[in-house]
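**Student:** Take 0 as the starting number for the sequence shown in numbering that gives the first Met the number 0 and just add one per residue.
Where a beta carbon is used, it is the ideal one built from N, C-alpha and C, also for glycine.
Got a structure for you, written out below as structure tokens; questions coming shortly.
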Amino acid sequence: MGKTVLLTTIRNHAEAEGLVVVAMEAPENRSLPAMLVPALRAALLKMDRIKQVGTKIRCALSALAGFVKPRVSYEGFEVALDFEVEPGLADSGDLESDLADLIRAAGEAAQEHGTAFVLAIDELQYVPEEELAALISALHRANQLQLPITLVGAGLPQLLGQMGRAKSYAERLFAFVPLGPLDRAGSDDAIRVPLQAEGADITEGALAAIFAATQGYPYFLQEWGKHSWDLADESPIDESDVDNAGVAALAELDASFFRVRFDRLSPAEKRYMRAMAGLGGKAGEGPHRSGDIAEALGVKVNTVAPTRNSLIRKGMLYSPAHGDTAFTVPLFGAFMRRAMKA
């Protein structure tokens with residue numbers, strides 16, 4: 000948890016150092032070219048305004064125009080480019096070849112201007128593997144040419160497997176850093192330090208109760224901390240305040256954070272996730288064997304495999320190990336048990 004916040008912080012630091020950040024969020028059902036072109040166009044034009052136009056920027060803009068030409072039919076394209084196309088530059092129609100030309104041209108433009116491009120892409124797991132393979136290949140080529148262009152991406156746990164399948168050398172080209180929940184000490188600091196800055200405090204029992212309820216996930220810590228502050232009559236905040244805060248926090252999460260995700264699911268997907276949540280019981284959220292989930296539904300594994308795959312594509316589930324299935328959203332199993340009958 001916290002990947003988007005961390006990516007934004009990295010982006011802010013990079014811009015403060017004078018680097019050119021191309022920031023994107025990969026939505027479902029939109030192609031990488033449709034996402035990349037307007038963001039890269041804006042970054043090149045910004046660099047153009049900051050410094051005198053160089054030949055490499057002109058080349059990069061020509062490459063961008065060439066890249067768009069065979070791809071205007073891609074879903075999600077909404078940009079028109081009036082730059083002159085240089086025949087043979089990023090216009091072959093082969094995504095891997097053209098994206099390599101485009102990334103190289105952007106890297107050369109940054110090099111000419113004494114800066115670097117940072118592609119900052121959130122929700123990278125939504126990029127189709129074929130397009131992800133082309134991006135990895137293009138960055139690999141730029142790395143071999145020692146051009147100043149790189150990727151900082153963030154995604155759900157299945158991203159590591161997706162990149163490995165897209166290009167086997169991806170795990171050598173990138174550093175993969177897992178982000179998980181805070182430990183007990185970090186969780187306590189996240190609650191206690193802001194309180195003490197306001198002249199208030201919290202009991203050890205209340206901190207333990209918040210950690211148990213949130214499992215150390217930062218967003219939930221914020222929710223429990225906010226409601227504990229709002230509902231407490233005096234300092235220090237105690238366990239009874241946290242109990243009351245938990246009711247308010249869960250009600251708010253159920254109505255927004257969880258509900259938004261729940262409403263994206265088909266009836267079959269909801270049944271699958273409810274069966275999975277039933278296996279977790281009150282003690283845990285999984286992971287669970289895919290066979291156990293199918294058994295709970297009273298069907299064979301291969302019958303519900305398409306449903307499981309659809310949930311993984313939607314970012315609701317991931318496979319931490321072969322045959323295992325887990326929720327990507329913390330505490331979602333408990334929500335499913337509240338939202339649906341067994």
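Quick one: residues in its chain with C-beta nearer than 6 Å to the C-beta of E238, no 5 flanking neighbours on either side, listed in chain order?
**Tutor:** G204, A205, A208.
**Student:** Can you list, in chain order, the residues of its chain with a C-beta nearer than 7 Å to that of A141? Leave out the 5 residues immediately preceding and following it.
**Tutor:** Taken in chain order, the residues that qualify are I102, R103, G106, I148.
**Student:** Distance check for A274 and M339, CA to CA, integer angstroms please.
**Tutor:** Computed Cα separation, rounded: 10 Å.
**Student:** Rounded to whole angstroms, what's the CA-CA distance from T262 to M335? Just pull it up for me.
**Tutor:** Strictly speaking, residue 262 in this sequence is Asp, with Thr absent from that position. Between D262 and M335, the C-alpha separation is close to 12 Å.
**Student:** First and last residue of the beta strand (DSSP E) that includes M23?
**Tutor:** Note, M23: beta strand (DSSP E), 19-24.
**Student:** Could you name the residues of the same chain whose beta carbon sits closer than 7 Å to that of K2, not counting the 5 residues immediately before and after it, in chain order?
**Tutor:** So the list reads A153, L178, once near-sequence residues are dropped.
**Student:** Please confirm whether F175 and V21 have their CB atoms less than 8 Å apart.
**Tutor:** Contact: no.
**Student:** Less than 8 Å between CB atoms is the rule here; does I190 satisfy it with respect to chain C?
**Tutor:** Of the protein chains in the structure, only one exists, and it is not chain C.
**Student:** Examine the ligand MN and report whether any of its heavy atoms sits within less than 7 Å of the Cβ of L123.
**Tutor:** Annotation note on the ligand MN: not contained in the displayed structure, which lists no ligands.
**Student:** How far does the alpha helix (DSSP H) with Y152 in it reach, from first residue to last?
**Tutor:** Looking at the sequence provided, one finds Gly at residue 152 rather than Tyr. Element bounds for G152: not the alpha helix (DSSP H) but the beta strand (DSSP E), 148-152.
**Student:** State the Cα-Cα distance for the pair N308 and K55, rounded to the nearest angstrom.
**Tutor:** The straight-line gap from Cα to Cα measures roughly 44 Å.
**Student:** Looking only at C-alpha atoms, which of K225, A295, S30 sits nearest to Y125?
**Tutor:** For Y125, the nearest C-alpha among the options comes from S30.
**Student:** Taking only the alpha-carbon atoms, compute the straight-line gap between A108 and L150 and give it to the nearest angstrom.
**Tutor:** Near 16 Å, if we compare the C-alpha coordinates of L150 and A108.
**Student:** Taking a contact to mean a Cβ-Cβ separation below 8 Å, would you say G224 touches I190 in this structure?
**Tutor:** In contact: G224 and I190 (Cβ atoms closer than 8 Å).
**Student:** In the stretch 262-291, which residue ranges form an unbroken alpha helix (DSSP H) of at least 4 residues, counting only runs that do not cross its ends?
**Tutor:** DSSP runs (the alpha helix (DSSP H)) wholly in the stretch 262-291: 266-279.
**Student:** Considering only the beta carbon of each residue, do L220 and S186 sit closer than 8 Å?
**Tutor:** In contact: L220 and S186 (Cβ atoms closer than 8 Å).
**Student:** In chain order, what residues of the same chain lie with their CB nearer than 7 Å to the CB of Q161, ignoring the 5 residues before and after it?
**Tutor:** Excluding sequence neighbours, Q161 sits near Q124, E128, L131.
**Student:** Check whether the Cβ atoms of A99 and A137 sit closer than 8 Å, and answer yes or no.
**Tutor:** Yes, the pair counts as a contact, with Cβ atoms nearer than the cut-off.
**Student:** Across which residues does DSSP place I135 in a beta bridge pair?
**Tutor:** For I135, which the question treats as bridged, DSSP gives no partner whatsoever.
**Student:** Whether or not the stretch 316-332 and the stretch 287-299 are in contact is what I'm after, with contact meaning three or more pairs of Cβ atoms, one per stretch, closer than 8 Å; do they touch?
**Tutor:** The stretch 287-299, when compared against the stretch 316-332, does touch it at the 8 Å Cβ threshold.
**Student:** Does the distance from the C-beta atom of E122 to that of A25 stay below 8 Å?
**Tutor:** Taking 8 Å as the Cβ cut-off, E122 and A25 qualify as a contacting pair.
**Student:** So, with DSSP's three-state summary, where would you put V126?
**Tutor:** Correct three-state label for V126: coil.
**Student:** Please report how far the alpha carbon of A282 lies from the alpha carbon of R171, in whole angstroms.
**Tutor:** Any reading at A282 needs caution, since the residue's pLDDT is 46, under 50, leaving its predicted position unreliable; the model's value is listed next. Each residue's Cα considered, the two are about 38 Å apart.
**Student:** Excluding five sequence neighbours on each side, which residues of the same chain lie with their C-beta closer than 8 Å to the C-beta of G144?
**Tutor:** Looking at the sequence itself, residue 144 is Leu, so the reference to Gly does not match. Counting only Cβ-Cβ distances below 8 Å, and skipping sequence neighbours, we find R103, G106.
**Student:** Is it buried or exposed, Q305, if we count other Cβ atoms within 10 angstroms and call 16 or more buried?
**Tutor:** A small correction: the amino acid at residue 305 is Pro; Gln does not occupy that position in the sequence shown. Looking at its Cβ environment, which holds fewer than 16 other Cβ atoms inside 10 Å, P305 is exposed.
**Student:** Excluding the five sequence neighbours on either side, which residues of its own chain have a C-beta within less than 7 Å of the C-beta of A333, listed in chain order?
**Tutor:** No residues qualify anywhere along the chain.
**Student:** Let me check understanding here. Comparing Cα to Cα, which of K269, N301, A119 lies closest to F331?
**Tutor:** Checked all of K269, N301, A119; the closest Cα to F331 is K269.
**Student:** DSSP on F257, reduced to helix/strand/coil?
**Tutor:** In the structure shown, F257 sits in a helix (DSSP, three-state: H, G or I).
**Student:** Provide the residue span of the beta strand (DSSP E) that contains F326, from first to last.
**Tutor:** From DSSP, the beta strand (DSSP E) with F326 extends over 323-326.
**Student:** What is the DSSP secondary structure of Y218, counted as helix, strand or coil?
**Tutor:** Of the three classes helix, strand and coil, the one that applies to Y218 here is helix, per DSSP.
**Student:** Please classify T213 as buried or exposed, where buried requires at least 16 neighbouring CB atoms within 10 angstroms.
**Tutor:** The residue is buried, with at least 16 neighbouring Cβ atoms inside 10 Å.
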